[in-house]
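Residue numbers (the numbering used here): -3 to 465. From the three backbone atoms N, C-alpha and C, an ideal C-beta is built for every residue, glycine too.
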Ligand SMILES: *[C@@H]1O[C@H](CO)[C@@H](O)[C@H](O)[C@H]1NC(C)=O
Ligand SMILES: *[C@@H]1O[C@H](CO)[C@@H](O)[C@H](O)[C@H]1NC(C)=O
């Protein structure tokens, strides 16, 4: 008896400390060239920042011609994940209707159950967890479709279903309570929920967790077993450049990543069951955390074709953002801020002022293009009292203080006289009157732009990304 209770107490403590699992949304369409080794590299890089698994987003393979390779890549991903101690869950993309080919319950049930014996299959309450992007805006799906899928699988491989039903997440921006209640009455089939809304919806404000709280408590008060999955994202900008203003937008994301993570740490932390980072590799919406593949090496195992959208992706490295995510994820998982052992300042900026008229892209047709501040932003994590100095062009030596008590944020605005040739932002870490670290951005900010670009470039000054991650 006695040893039993010790074990029970220990496992309860472990659960409290690890209550939040962290997933990243993975676009399988961008894994065309992947082999098992490449999957392992991505998983290792994700694990280094505290990610437990990938939510695998795919469309019906027959929907877009030439996607028949997708199930094979998912096989490889499971093989890699089993070796890496990494988790995977299916996230069926149910937002497509253009191709008139839809997911059906038999195919989905088979695709899920294929991995029911895998150690990499992520489970919630012992059921395989299944998620989606959408399922509420296409007539072929909806509550009955989900209920049918679950009923079919109940006898041999019961699933927990936590879809992302975007109508309700969008609705929750203005009416969190009523949207959460409506979700519960419209979708009695669901067990949990992924609230996709990780960005301020067409508004120039910082996010709060009001909608997250509404969905989480609605699940609970309706006796759902969960999980509530909260979405966290660093940025949002997309331009399909097709003349449709609905397909070209930017969200107010200047300090989004750090501020959203702040709501998950500290005394008043909001506690979702799972966090889903949006995303690991969705390049076209500018919210990737993964390293950029080599643009030119077509034989690389992570090669992707980006077409026109490459105009705002190539050169816009985001990797140092993973240092920010890693810090807060560790804090969240272990219940205390991690000790700061290095000097690192992450700084990011767009590469032209928001009012620049560019020769390519939708340029002035970008929705919300007056939201982002024309500025270089920085997030500092230093092991000792420091002054962080930021300069761009004629705006020299804007400073803020940072110390080992936790992250500090600062910024320097773009100067009004930014030239055609531009200026590279520079950031220094100074301590005891000496510059101990200094770096220039990988890219200048200039008034010239061949393609409008609201996707930032992210830099690191200080100890290396490999040490830091
Ligand atoms: C179900 O979907 C799969 C994959 O798209 C397809 O091959 C199959 O024909 C579909 N089955 C039915 C009955 O529609
Ligand atoms: C968001 O928060 C940051 C940092 O607290 C602040 O500087 C900024 O002005 C806020 N943005 C808006 C639009 O209120």
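Quiz item: Would you say residue 238 touches ligand 4, meaning its beta carbon is less than 6 Å from a heavy atom?
Solution: Absent from the structure shown: ligand 4. Ligands present: ligand 1 and ligand 2.
Practice problem: Go through its chain and collect everything with a Cβ distance to residue 212's Cβ below 6 Å, but skip five positions before and after it. | Solution: So the list reads 224, once near-sequence residues are dropped.
Quiz item: How about residue 207 and residue 172: are their beta carbons less than 7 Å apart?
Solution: Cβ distance < 7 Å, so residue 207 and residue 172 count as in contact.
Exercise. With residue 264 as the anchor, note down where its beta strand (DSSP E) starts and where it stops.
Key: For residue 264, there is no enclosing beta strand (DSSP E), as DSSP marks it with neither H nor E.
Quiz item: Just to confirm, are residue 454 and residue 276 a CB contact at a threshold of 7 Å?
Solution: For residue 454 and residue 276, no; Cβs fall outside 7 Å.
Quiz prompt | Residues near residue 71 by beta carbon distance below 7 Å, same chain, minus five either side | solution = Closer than 7 Å at the Cβ level, and outside the excluded window around residue 71, lies no residue.
Self-check item: Around ligand 1, Cβ to any heavy atom closer than 5 Å, ordered along the chain
Solution: The set of residues with CB atoms less than 5 Å from any heavy atom of ligand 1 reads, in chain order, 56, 58, 100 and 103.
Quiz item: To the nearest whole angstrom, what separates the beta carbons of residue 340 and residue 429, a pair I think is in contact under 8 Å?
Solution: Not really, about 21 Å apart at Cβ, beyond 8 Å.
Quiz prompt | Cutoff 7 Å; reference residue 393; Cβ partners in own chain excluding five residues on either side | solution = If you ignore the 5 residues before and after residue 393, its C-beta comes within less than 7 Å of the C-beta of 385 and 387, all in its own chain and listed in chain order.
Practice problem: Note down, in chain order, each residue of its chain lying with its Cβ closer than 6 Å to the Cβ of residue 120, except the 5 sequence neighbours on either side. | Solution: Residues of the same chain with a CB within less than 6 Å of the CB of residue 120, apart from the 5 flanking positions on each side, are 156 and 223 in chain order.
Quiz item: Is the closest heavy atom of ligand 2 to the C-beta of residue 201 under 6 Å?
Solution: Checking the Cβ of residue 201 against ligand 2 gives yes.
Self-check item: residue 20 beta carbon less than 7 Å from that of residue 50
Solution: Their beta carbons are under 7 Å apart, which means residue 50 touches residue 20 by this criterion.
Quiz prompt | Enclosing beta strand (DSSP E) for residue 523 [first to last residue] | solution = Absent from the structure is residue 523, since the part of the chain shown begins at -3 and ends at 465.
Practice problem: Could you pull out every residue in the same chain whose Cβ sits closer than 6 Å to the Cβ of residue 308, ignoring the five residues on either side in sequence? | Solution: Within the same chain, 449 and 451 come within 6 Å of residue 308 by CB-CB distance, once the 5 residues on both sides are set aside.
Quiz item: Can you name the start and end residues of the alpha helix (DSSP H) that residue 283 belongs to?
Solution: Under the DSSP assignment, residue 283 falls outside any alpha helix (DSSP H); it carries neither an H nor an E label.
Quiz item: Can you pull the DSSP bridge partners for residue 425?
Solution: Answer is 384 and 433, bridged to residue 425.
Quiz item: Would you say residue 251 touches ligand 2, meaning its beta carbon is less than 6 Å from a heavy atom?
Solution: Yes, since a heavy atom of ligand 2 falls inside the 6 Å radius drawn around the Cβ of residue 251.
Quiz item: Per DSSP, residue 83 forms a beta bridge with which residues?
Solution: According to DSSP, which records beta bridges pairwise, residue 83 is partnered with 49.
Self-check item: Selection from 254, 141 and 217 that minimises the alpha carbon distance to residue 402
Solution: Ranking 254, 141 and 217 by CA distance to the CA of residue 402 puts 254 first.
Self-check item: Cα-Cα separation between residue 236 and residue 243, rounded to whole angstroms
Solution: If you take the alpha carbons of residue 236 and residue 243, they lie about 6 Å apart.
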